[in-house]
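**Q**
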Amino acid sequence: MYLELDGSGPLYDQLTRALKASILDGRIVAGTQLPPTRELAQELEISRTTVLAAYEQLRAEGFIDGRVGSGSFVSQLKAKPLAHPVSTDIPPPSRYVQRVRAVCNWDIPRLHRGLRYNLDYGYPMVNPAINSAWGRELARAAVYTHLNAMDAAGLNALRKQTCDYLARRRGVQAQPDDVLIVNGTQQAINLTARILLNEGDRVVLEEPHYFLAHQALAAHGAELVAVRTDEHGLVCDELPTASPRLIYVTPSHHFPSGAVLSMQRRLDLLHYAEQHQCWIIEDDYDGEFRYDAHPLAALRSLDEQDRVIYVGTFSKVMFGGLRLAYMVIPAALRADFVSAKYLGDMACPVIEQAALARFMESGGFERHLRMSRKELKARRDALIAGLRTHARDRVEIADTPAGMHLVTWLRGYDAPRRMELVEYAHQHGLGLHPISPLYLHAPERQGLVMGYSGLSVNELREAMQLFGQCLDHMEGK
């Protein structure tokens, strides 16, 4: 029997699909006896168990009948062939999909897979000790949590723990009803865009900025306005005269430069939002990780007009696969955000929420943060030491004692030369990430965003030695 397996997924799935296709297109007609499982397994050089699994699936779906002592036969199906060929003319997608296609390049994340040293700035550090601790909390939550419990706003126990944590660590005073649990920061940004923006509404972004926020807002049809940042964060004096609908900022640790928005500028920004009747998204993506001082109070803690939508994430501080974050919502928007969350996916998974609430209540979350801060500081120090040893004065380090990445500016490089450096490093197993995609307008200088959370101290030392060799190669050309 001729069957072509497509190579996608488990073998029994491939065999099931191949047999279905042969039955549906008439190559194996109704009433035909299929080969015995042992015979077909030998012919295809696969396990008999695989063939048995495929036959069982086909039998369950009604494609074949089994007759005791006689074998398996193709069922009498009543499917009719299409009267006309399927048209390749399909209606155009929505304007939203067209904008998504315009702003998203899904090849970008795949370019750096499989590298020995990838200085990716998008992934949190994985604490090996978290596996067993998290496993225990999940097991306990599975036993003690009502499995049908569902609240679009999030599990009350987790919202309460979030409020306690924010008051203690970020200076934010909130009640559980103010908090919305979401599936990561990206969902928080999308919900905000869906609720607040119409096509053509003006949105202010820091320049440079988090590129996925840029893409999400642009996909909703926003008119993006980039406002310059400096060593003190967003330059509030350059905010547009025409009122925007929304301002997206990372005040506690500007992404990617690491600048901290000064107190005067925080007050200026809040005053601007009040004057112009606009909203602010405060993305506090890694405010937990400061290595020279206590965490700073959040912008939301100064907000007396209730115009700041505060966004924090558990995924960055725990592990990327957790996909849990939280929002503190202004009173005027609470019902709208909960409704939009419900319509989007009803609620976040309850078992994970219960496990995280218990982890926070027991003190495990704080212990994890302390260990992570210590390890991240060691990795940051190793990266900076390696840059100073191997890159020397060929780069300018924009050092910031916080977060999980830093920016290095390349001296004497234009865009084509920077691209050549990145490509050469990639060929030799080193993943470098240019800063230019984080700008709305092309930057005057060429730089790299170097993440240190994904590599150990020793790996970072080796990566910086390789980086120095790549710079040596570029000098020798």
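For the sequence shown, position 46 matches number 46 in full-length UniProt numbering, and the numbering has no gaps at all. All C-beta atoms, glycine included, are put in the ideal place defined by N, C-alpha and C.
1) If the criterion is Cβ atoms closer than 8 Å, does the pair GLU223 and LEU440 meet it?
2) Mapping the DSSP letters down to three states, classify GLY344 as helix, strand or coil.
3) Could you give the DSSP three-state label for ASN190: helix, strand or coil?
4) Determine the burial state of TYR248: buried for a count of at least 16 other Cβ atoms within 10 Å of its Cβ, exposed for fewer.
5) Would you tell me roughly how many angstroms separate the C-alpha atoms of VAL395 and SER453, rounded to the nearest one?
6) Over the uninterrupted beta strand (DSSP E) stretch that includes PHE73, give me the two end residues.
7) Anyone know if the C-beta pair for GLY468 and HIS390 falls short of 8 Å?
8) With a cut-off of 8 Å on the beta carbons, I'd call VAL179 and VAL328 a contact; round off their distance for me.
9) Is there a Cβ of chain B sitting closer than 8 Å to that of PRO124, yes or no?
10) State the beta-bridge partners of ALA402 as determined by DSSP.
11) Assign CYS104 to one of three DSSP states: helix, strand, or coil.
12) For a test of the three-state rule: what should DSSP assign to MET474, helix, strand or coil?
13) Exposed or buried, ILE90, counting other C-beta atoms within 10 Å across all chains shown (16 or more means buried)?
14) Indicate whether the contact test is met: 3 or more Cβ pairs, each with one atom in the segment 212-229 and one in the segment 363-374, closer than 8 Å.
15) Mark ARG110 as exposed unless 16 or more other C-beta atoms lie within 10 angstroms of its C-beta, in which case mark it buried.
16) Assess contact between the segment 114-128 and the segment 442-458, defined as three or more Cβ pairs (one per stretch) separated by less than 8 Å. Is contact present?
17) Taking only the alpha-carbon atoms, compute the straight-line gap between GLN353 and ASP345 and give it to the nearest angstrom.
18) With LEU269 and ALA382 assumed to form a contact (beta carbons below 8 Å), what rounded beta-carbon distance in angstroms separates them?
19) Count the other CB atoms within 10 Å of the CB of LYS316; is the residue buried (16 or more) or exposed (fewer)?
20) How many Å lie between ALA30 and SER72 at the Cα?
21) Of the residues ALA188, MET450, LEU166, TRP409, which one's Cα is nearest the Cα of HIS299?
22) Pull the bridge partners of ILE118 from the DSSP assignment, please.
23) Does the contact criterion of 3 or more C-beta pairs under 8 Å hold for the segment 137-148 versus the segment 302-315?
24) Using only the alpha-carbon positions, how far apart do THR250 and ASP284 sit?
25) Determine contact between the segment 432-447 and the segment 392-412, defined as no fewer than three beta-carbon pairs at a distance below 8 Å.
26) Under the three-state reduction of DSSP, which class applies to ASP283: helix, strand or coil?
27) Leaving aside the five residues before and after ARG59 along the sequence, list all residues of the same chain whose C-beta is less than 8 Å from its C-beta, in chain order.
28) Look at the Cβ atom of THR185, then the Cβ atom of ALA273, and state whether they are nearer than 8 Å.
29) Determine, using beta carbons only, whether LYS341 and ALA152 come nearer to each other than 8 Å.
30) Just reading off the alpha helix (DSSP H) that LEU19 is part of, what are its end residues?
31) Which two residues bound the contiguous alpha helix (DSSP H) that contains GLY171?
32) For MET1 and SER22, I'd like the C-alpha separation in whole angstroms.
33) Using the rule of at least 16 other Cβ atoms within 10 Å of the residue's Cβ for burial, across every protein chain shown, is VAL338 buried or exposed?
34) Measure from the alpha carbon of PHE289 to the alpha carbon of each residue in THR313, GLN277, GLY114, CYS278, then state which is nearest.
35) Put ASP336 into one of helix, strand or coil per three-state DSSP.
36) In whole angstroms, what separates the C-alpha of residue 489 from that of THR49?
**A** In short:
1) no
2) helix
3) Reduced to three states, the DSSP call for ASN190 is helix.
4) buried
5) Take the alpha-carbon of VAL395 and the one of SER453: they are about 21 Å apart.
6) 71-74
7) yes
8) With a Cβ gap of about 6 Å, VAL179 and VAL328 count as contacting.
9) Given the protein chain composition of this structure (a single chain), no chain B is represented.
10) ARG290
11) The answer is coil: DSSP assigns CYS104 none of H, G, I, E or B.
12) helix
13) exposed
14) When C-beta atoms of the segment 212-229 are compared with those of the segment 363-374, fewer than three pairs fall below 8 Å, so the two segments do not count as touching.
15) Any reading at ARG110 needs caution, since the residue's pLDDT is 44, under 50, leaving its predicted position unreliable; the model's value is listed next. Classification of ARG110: exposed, given that the 10 Å Cβ count is below 16.
16) With a cut-off of 8 Å, the segment 442-458 and the segment 114-128 count as touching, because enough Cβ pairs lie within range.
17) 15 Å
18) Not confirmed; about 35 Å, so no contact.
19) Counting of Cβ neighbours within 10 angstroms places LYS316 among the buried residues, the total reaching 16 or more.
20) 11 Å
21) In the sequence on display, residue 299 carries Leu and not His. Here the closest residue by C-alpha is LEU166.
22) The sequence shown places Asn at residue 118, not Ile. Answer is GLY431.
23) no
24) 6 Å
25) Yes: at least three Cβ pairs fall under 8 Å.
26) strand
27) ASP65, GLY66, SER72, listed in sequence order.
28) no
29) Going by C-beta atoms, LYS341 is nearer than 8 Å to ALA152.
30) 11-24
31) First-last for GLY171: undefined, no H or E at that position.
32) 10 Å
33) When all chains shown are included, VAL338 counts as buried.
34) THR313
35) helix
36) Outside the modelled stretch of the chain, which goes from 1 to 477, sits residue 489, for which no answer is possible.
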